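Just add 1 to the spot in the sequence shown (first one is 1) and you have our numbering.
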Amino acid sequence: MGKYIARAAALAAALLISGCTASDSGSATEPGPAPSTTAAAPPRQAPDASSSSEAAYAKWGLKPFPAPPAPPKVKPVRTGAGGPVPVISEIPTNDKVVFLTFDDGAEKDPEFVEMMRELKVPFTMFLTDAAIRDDYAYFTRLRDLGGGTGVANHTLTHPNLRTLGAAAQQREICGQQDKLERTYGTAPRLFRPPYGNWNEDTRAAAARCGVEAIVLWRESMQITNMQYQRGDRKLHPGDIVLAHFRGPQDLKGTSMTEMTANMLRRIQEQGFTVARLEDYV
């Protein structure tokens with residue numbers, strides 16, 4: 002892990018890059034063991050989950066996050082019901098939680114899979130077909146981590162949707178819905194327009210394609226620090242945080258895994274934990 006800390010320190014003064022702004026089995030009964038005349042072995046102790054978590058986080062230079070609160074019984078963002086598709090940048094909640102999202106899919110860092118498998122931090126992937134089609138399996142591995150990873154729509158080719166007519170917008174959104182459903186088994190419920198650019202044609206197309214919410218963001222992670230939209234330059238309860246699948250060429254020599262460790266550190270420093278976006282929308 003020393004390499005991550007060393008690299009992060011060396012890059013503290015690097016220029017910030019711009020963001021993409023603008024899942025029952027039954028049980029069978031088996032016969033019990035035959036009686037034994039030997040003394041029973043002492044019961045095995047269950048592993049200490051807390052110690053295991055601390056060791057996993059320490060490997061990446063982090064401390065474990067507090068467990069997020071239980072998901073709300075009623076989701077605070079209402080979708081469907083025949084109304085307009087909601088457009089959100091944050092989740093209405095008083096809990097000190099934020100939500101992690103990663104866009105595009107150009108970088109396919111195997112260490113990122115290892116990190117997220119060990120840390121079990123929930124996140125949502127907004128995927129663009131043009132960026133992921135050369136390695137759909139990479140994102141299958143991420144989806145199958147079991148930590149609450151979600152697959153969401155980020156268009157087929159990453160255009161500025163405001164420059165396209167209604168029919169072209171629908172092709173971009175519905176086309177990616179279809180591809181993601183065929184590839185990963187479920188049609189996404191959430192959509193993010195590239196660069197955060199959308200208009201009412203986007204909203205109408207999203208609804209026709211089965212999207213339930215358009216998701217923007219409040220903060221975007223750069224290399225070592227976040228870029229904030231609010232003047233106080235702080236996280237707020239319910240903020241949605243944007244990051245990208247990007248590698249050293251775009252991150253001034255920093256890996257995606259190192260960038261993610263920096264992002265998690267910034268979140269911890271402000272006393273927040275990470276929750277699953279799909280539990281609230």
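Cβ coordinates follow ideal geometry from the N, Cα and C atoms, glycine included.
It should be emphasised that the depicted structure is a prediction, and the values quoted were computed from it without experimental measurement.
For E220, there is no enclosing alpha helix (DSSP H); the enclosing beta strand (DSSP E) covers residues 220 to 222. If you draw a 10 Å sphere on the C-beta of D104, you find 16 or more other C-beta atoms in it, and that means buried. By DSSP's assignment, H245 forms a beta bridge with D104. Here E201 is exposed. Its C-beta has fewer than 16 other C-beta atoms within 10 Å. Per DSSP, the beta bridge partners of T274 are V98. Under the three-state reduction of DSSP, Q170 is assigned to helix. For a cut-off of 8 Å, the C-beta gap from V88 to L217 is around 7 Å, short enough to register as a contact. DSSP links I215 through a beta bridge to V88, F192. Note that the C-beta distance between I215 and P195 is not below 9 Å. Here L101 is not near M257, since their CB atoms are 9 Å or more apart. Of the candidates F273, A262, V212, F273 places its Cα closest to the Cα of D240. A direct Cα-Cα distance of roughly 30 Å separates P77 from M116. Separation of the CB atoms of K235 and Q271 is rounded to 7 Å, and the pair is thereby assigned contact status at 8 Å. H237 and H159 have their C-alpha atoms some 29 Å from each other. DSSP places A205 inside the alpha helix (DSSP H), whose first and last residues are 201 to 209.
In the three-state reduction of the DSSP assignment, F66 falls in the coil class, being assigned neither a helical nor a strand state.
Here V152 carries a strand assignment [DSSP, helix/strand/coil]. Residue pairing by DSSP places M227 opposite M222 in a beta bridge. For the options E259, V275, K97, the alpha carbon positioned closest to that of T225 is the one of E259. Under the three-state reduction of DSSP, F124 is assigned to coil, being neither helix nor strand. Below 8 Å, enough C-beta pairs join the segment 120 to 129 and the segment 149 to 168 to call them touching: three or more.
Sorting P69, K60, S54 by C-alpha distance to the C-alpha of A276 places P69 at the top. For the pair F140 and Y185, the CB atoms are nearer than the 9 Å cut-off. With contacts defined as CB atoms closer than 9 Å, D280 and P72 qualify as a contacting pair.
Taking C-alpha positions only, R183 is separated from D233 by approximately 43 Å. When the alpha-carbon of V212 is set against those of K121, S54, V86, the nearest one is in V86.
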